[in-house]
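Novice: Below: one structure in structure tokens.
Protein chains in written order, with our numbering: chain X, 2 to 357; chain Z, 2 to 357.
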């Protein structure tokens, strides 16, 4: 006999992207930042005395919370630090969505959301995006008609890279009867000329939460540090009740604080990623790929005629170049390629030219 | 209106022990190890290049898992690394206990268990321990009669320090229709002459999970690292489905691995804690305290006649000495005092002599 709950027994887990190691692997499959974290992060690591680990860490990561509140010009009460963005996603379901209630996301979207809905035994409504990956007309009405408690939108969108404006998000939030959770994992790579900032909109409303992570923008995927932003009525129950009592560790707190306090350094990497994004987009188009305009650090690319996406994926992998192929509707003719460093992108293009 | 689920809105969160800082605070309230972590942990920290944090960590902490499997002479499939022991406790409920099902613990016990039951919207059955803090006759029959899905026992017990033998645990596991989760947070401080080892019993059964943590025994409360041990049928669904996809970070994985690979160093601290435990017990008894024999790194002490526990707690706190007072049934005349270093224990005794 199995002791698993029936919903857990039925479900499949999340499949993380391949994590091949080795210095010769060009890893463009999990949207990691190609540039290293800030020297301030290295300094914070060097300054850490392991004797301090003897004691429990500050339970709510006070120093980080204050630094992040400063960065976003909100109050610490608007912020919850989490063990990666994943924890925030989970906490939102644990805290606000009962078993049997409906969670909405789009199709396609980040493949973790359906897994989290399964764990909480929720219904999942996946609203198909239109052919240009925009939201369908009447999206909010559809949310409310379905009685949904939570809508999760990743913005800029994964895996397409497309951006909803703050005005669009605001209209959804104001029309929706449930909680709008905006997963802003890739927000740092948005063109600054667009002046995207959803924070004021979020903290002024009682039904909006933003997810931020240090994994991509701050080159700290290995550190597992993220945070949520929202009104205190949404933040407080997660902070005081449903998160694990010491959810982030002392070293991660210190390094994460150093990272956001040296945001200028990270911004340099965002700018370089954007430059590479522009160049890589043009080069892939020249090779016959159809590339969706992206505000993230990855490109969704429809492969040229005469090619198949899994075929190109395999051929690249044979050359130690990893990209992401999704075996799912609407994505089977596409590859998702993370923006690498200039050298990595050059190597990718070189390999593709030889293959095509 | 509140968006909280009704069970979350009703519940209160866990209250962590006070975390006063300052070099002059003698902190005997949260059972931290008074001795520093192994030099191998410091070396692992120094050897960490922050550039490695750019990438996601090994999702299942492979190196740690193998090292811990070696230590316990089990297979990696018997182990799940977690973000502190807290995460394991939560995962067991998430994976195996449906809302409305019953979780059993004892009264008194670790105050986090009722919080976790509330989050999962479970029923909680608290079985009172007898006056000598032993389990009542017919305990297993009571578990089965209540239809309980999960029984959580902390062993050695908190806050009393008492130990159930492996034979006693085996009898419970074999008689119980549900899962027995043994929280062994304090296992490292058991007298080695007792040869306590529940691991073989646990991995041979389909309904036993053990919780281990590096917080106490390895002086790494600040690192948030723990693990579960059990049969693959119980470990696998937590590992593959319900834990956050990257639940432990790269630095914590490396430091935790270094810690258990240098277990000899930690064992030295366990031995010193036991010596201090013996001395502190005798000294407190000489002062008129009634001290429960302890196999942990803390002592549950009934205060002398003419004294009150909250009064002594307050008086000690005024002198920057923190101990733990629980305002709950059966504990209101007692203090729980963590075993400190020789200097800390001497200072405590000095302060108590002056107060009594």
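Idealized CB from N, CA, C, for every residue including glycine.
Note that the structure is a prediction, hence the values are computed from the model and not measured.
Are the Cβ atoms of residue 96(Z) and residue 239(Z) separated by less than 7 Å?
Specialist: Start at 1 with the first residue of the second chain, and residue 96(Z) comes out as number 95. Start at 1 with the first residue of the second chain, and residue 239(Z) comes out as number 238. Taking 7 Å as the Cβ cut-off, residue 96(Z) and residue 239(Z) qualify as a contacting pair.
Novice: Along chain Z, in chain order, which residues have C-beta atoms closer than 8 Å to that of residue 197(X)?
Specialist: In the first chain, counting from the first residue as 1, residue 197(X) sits at position 196. Those within 8 Å of residue 197(X) in chain Z number zero; the least Cβ separation is about 24 Å.
Novice: With a CB to CB cut of under 6 Å and the five nearest residues on each side skipped, what residues in its chain are close to residue 125(Z)?
Specialist: Numbered from its first residue, the second chain carries residue 125(Z) at position 124. Within the same chain, residue 125(Z) has close Cβ partners 104, 115, 118.
Novice: Where are the alpha helix (DSSP H) runs, 4 residues long or more, that stay fully inside the region 122-169 of chain Z, in chain order?
Specialist: For the region 122-169 of chain Z, whole alpha helix (DSSP H) runs of length 4 or above, ordered along the chain, are 140-146.
Novice: Nearest chain Z C-beta to residue 156(X) closer than 7 Å, yes or no?
Specialist: One-based indexing of the first chain puts residue 156(X) at position 155. Taking Cβ atoms only, chain Z never reaches closer than 7 Å to residue 156(X), which makes this a no.
Novice: Less than 7 Å separating the beta-carbons of residue 1(Z) and residue 190(Z)?
Specialist: The shown model of chain Z, from 2 to 357, leaves out residue 1(Z), and the question about it has no answer.
Novice: Residues of the region 81-102 of chain Z with a CB closer than 8 Å to any CB of chain X: list them in chain order, please.
Specialist: Here the close residues are 84, 85, 87, 88, 91, 95, 96, 97, 98, 99, 100.
Novice: Helix, strand or coil: which one does DSSP assign to residue 236(Z)?
Specialist: Translated into the one-based positions of the second chain, residue 236(Z) becomes position 235. Of the three classes helix, strand and coil, the one that applies to residue 236(Z) here is helix, per DSSP.
Novice: Counting only beta-carbon separations shorter than 7 Å, does residue 252(X) have a partner in chain Z?
Specialist: Locating residue 252(X) in the first chain gives position 251, counting from the first residue. Interface residue, yes.
Novice: If you measure between the beta carbons of residue 144(X) and residue 152(X), is that distance less than 7 Å?
Specialist: Position 143 of the first chain, counting from 1, holds the residue named residue 144(X). Position 151 of the first chain, counting from 1, holds the residue named residue 152(X). Cβ atoms of residue 144(X) and residue 152(X): closer than 7 Å.
Novice: Compare the Cα-Cα distances from residue 169(X) to each of 159(X), 138(X), 149(X), 179(X) and report the closest residue.
Specialist: Within the first chain, the letter at position 168 stands for residue 169(X). Nearest option by C-alpha distance: 138(X).
Novice: Counting only beta-carbon separations shorter than 7 Å, does residue 219(Z) have a partner in chain X?
Specialist: The residue you call residue 219(Z) lines up with position 218 of the second chain. Chain X, which has no Cβ nearer than 7 Å to the Cβ of residue 219(Z), makes this no.
Novice: Go through its chain and collect everything with a Cβ distance to residue 131(X)'s Cβ below 8 Å, but skip five positions before and after it.
Specialist: Working through the first chain from its first residue, we reach residue 131(X) at position 130. So the list reads 137, once near-sequence residues are dropped.
Novice: Rounded to whole angstroms, what is the Cα-Cα separation between residue 70(X) and residue 122(Z)?
Specialist: For this step, residue 70(X) is matched to residue 69 along the first chain. For this step, residue 122(Z) is matched to residue 121 along the second chain. If you take the alpha carbons of residue 70(X) and residue 122(Z), they lie about 33 Å apart.
Novice: For residue 297(Z), does the three-state DSSP call read helix, strand or coil?
Specialist: Numbered from 1 along the second chain, position 296 holds the residue referred to as residue 297(Z). The answer is coil: DSSP assigns residue 297(Z) none of H, G, I, E or B.
Novice: Given a threshold of 16 other Cβ atoms within 10 Å of its Cβ, counted over all protein chains shown, does residue 286(Z) qualify as buried or as exposed?
Specialist: Translated into the one-based positions of the second chain, residue 286(Z) becomes position 285. By the neighbour-count rule (16 or more Cβ atoms within 10 Å), residue 286(Z) is not buried but exposed.
Novice: Which residues in chain X sit within 8 Å of residue 245(Z), going by Cβ to Cβ distance?
Specialist: Here residue 245(Z) is taken as the residue at index 244 of the second chain, counted from 1. Chain X residues near residue 245(Z): 84, 85, 87, 88, 91.
Novice: Please state the DSSP three-state secondary structure of residue 335(X).
Specialist: Translated into positions along the first chain, residue 335(X) becomes position 334. Residue 335(X) falls in the strand class under three-state DSSP.
Novice: What does the Cβ neighbour count give for residue 343(X), buried or exposed, with the cut at 16 atoms within 10 Å?
Specialist: In the first chain, the residue the question calls residue 343(X) occupies position 342. Exposed is the call here.
Novice: From 290(Z), 353(Z), 306(Z), 163(Z), pick the residue whose C-alpha is nearest to that of residue 315(Z); which is it?
Specialist: Along the second chain, read from residue 1 onward, the residue named residue 315(Z) stands at position 314. For the residues 290(Z), 353(Z), 306(Z), 163(Z), the minimum Cα distance to residue 315(Z) belongs to 353(Z).
Novice: Look up residue 206(Z) in the DSSP assignment and say whether it is helix, strand or coil.
Specialist: Translated into the one-based positions of the second chain, residue 206(Z) becomes position 205. In the structure shown, residue 206(Z) sits in coil (DSSP, three-state: anything other than H, G, I, E or B).
Novice: Please compile the residues from chain X whose C-beta is within a distance smaller than 9 Å of the C-beta of residue 208(Z).
Specialist: As a working note, residue 208(Z) is residue 207 in the second chain. Near residue 208(Z) (Cβ distances below 9 Å), the residues of chain X are 4.
Novice: Quick check: what's the CA-CA separation for residue 326(X) versus residue 269(Z)?
Specialist: Reading the first chain from its first residue, position 325 is the one you call residue 326(X). Reading the second chain from its first residue, position 268 is the one you call residue 269(Z). C-alpha separation (whole angstroms): 51 Å.
Novice: Comparing the C-beta of residue 335(Z) with each C-beta of chain A, is any distance below 7 Å?
Specialist: Among the chains of the structure shown, chain A does not appear; the protein chains present are X and Z.
Novice: Report the three-state DSSP secondary structure of residue 82(X) (helix, strand or coil).
Specialist: Counting from one through the first chain, the residue named residue 82(X) turns up at place 81. Residue 82(X) falls in the strand class under three-state DSSP.
Novice: Among 140(X), 266(X), 82(X), which has the Cα closest to the Cα of residue 172(X)?
Specialist: On the first chain, position 171 is the one that residue 172(X) refers to. Answer by Cα proximity: 140(X).
Novice: Quick one: using the 10 Å Cβ neighbour count with 16 as the cut-off for buried, is residue 278(Z) buried or exposed?
Specialist: One-based indexing of the second chain puts residue 278(Z) at position 277. Residue 278(Z) should be labelled buried.
Novice: Looking at chain Z, which residues of the region 31-48 of chain X have a Cβ within less than 7 Å of any of its Cβ atoms?
Specialist: Answer in chain order: 31, 33, 34, 37, 38, 42, 43, 46.
Novice: Under DSSP, the beta strand (DSSP E) around residue 181(Z) begins and ends at which residues?
Specialist: Numbered from its first residue, the second chain carries residue 181(Z) at position 180. Segment 180-184, the beta strand (DSSP E) holding residue 181(Z).
Novice: Does chain Z have any CB closer than 7 Å to the CB of residue 223(X)?
Specialist: Counting from one through the first chain, the residue named residue 223(X) turns up at place 222. Yes - at least one Cβ of chain Z is within 7 Å of the one on residue 223(X).
Novice: Just to confirm the assignment: which complete beta strand (DSSP E) runs, minimum length 3, are found wholly within the region 48-93 of chain Z?
Specialist: The qualifying runs are 80-83.
Novice: Go ahead and label residue 101(X) buried or exposed: buried means 16 or more other beta carbons lie within 10 angstroms of its beta carbon, across all protein chains shown.
Specialist: Indexing the first chain from 1 puts residue 101(X) at position 100. Result: exposed.
Novice: Among 127(Z), 208(Z), 248(Z), which has the Cα closest to the Cα of residue 89(X)?
Specialist: On the first chain, position 88 is the one that residue 89(X) refers to. That would be 248(Z), whose Cα lies nearest to the Cα of residue 89(X).
Novice: What are the start and end residues of the beta strand (DSSP E) that includes residue 1(X)?
Specialist: Examination of residue 1(X) is not possible in this model, given that chain X is present from 2 through 357 alone.
Novice: Taking DSSP as the reference, what is the three-state secondary structure of residue 223(X)?
Specialist: As a working note, residue 223(X) is residue 222 in the first chain. Helix at residue 223(X).
Novice: Alpha carbon to alpha carbon, what distance is there between residue 245(X) and residue 135(Z)?
Specialist: By 1-based counting over the second chain, the position of residue 135(Z) is 134. By 1-based counting over the first chain, the position of residue 245(X) is 244. One C-alpha to the other measures close to 29 Å.
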